[in-house]
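Under this note's numbering, the first residue of the sequence shown carries the number 17, and numbering increases by one thereafter. Positions of the beta carbon are idealized from the N, C-alpha and C atoms, including for glycine. See below for the structure under consideration.
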Amino acid sequence: MNDLILYSGTDCHLCDLAKEMLDQQGVNSQQLTQINVKEQREYYHQYGARIPVLKKVSTGEELGWPFEPEQLQEFIG
């Protein structure tokens with residue numbers, strides 16, 4: 017099971033930046049589930065105005081944008 021969820025959306029420049037940062041940190045598809053909140057109503061009301069948001073499944077902890085590479089590294093640590 018993937019331990020990270022990235023709540024994102026289509027045509028979201030900030031989401032693209034977050035994905036690039038995750039790639040740079042070496043996070044792969046085995047570790048990450050991406051959820052497009054614009055396509056899944058149950059998440060839209062909770063995350064639609066906040067995307068991108070990274071969630072750690074094991075703890076429920078969330079890291080909302082904006083975040084720096086150092087913050088991301090510590091979060092996924």
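Selected residue, minimal CA-CA separation from residue i, among the options
{"i": "C31", "options": "N52, Q46 and Q47", "result": "N52"}
{"i": "K54", "options": "L48, P85 and Q62", "result": "Q62"}
{"i": "N18", "options": "L88, E77 and L48", "result": "L48"}
{"i": "E84", "options": "K72, E36, Y59 and R57", "result": "E36"}
Limits of the unbroken alpha helix (DSSP H) element including residue i
{"i": "E86", "result": "P85 to I92"}
Buried or exposed (CB count within 10 angstroms, at least 16 for buried), residue i
{"i": "S24", "result": "buried"}
{"i": "A65", "result": "exposed"}
Three-state class that DSSP yields for residue i in the structure shown
{"i": "E78", "result": "strand"}
{"i": "Q62", "result": "helix"}
First through last residue of the beta strand (DSSP E) which encompasses residue i
{"i": "Q40", "result": "Run containing Q40: none in the beta strand (DSSP E); it sits in the alpha helix (DSSP H), H29 to Q40."}
{"i": "I21", "result": "L20 to S24"}
{"i": "K71", "result": "V69 to K72"}
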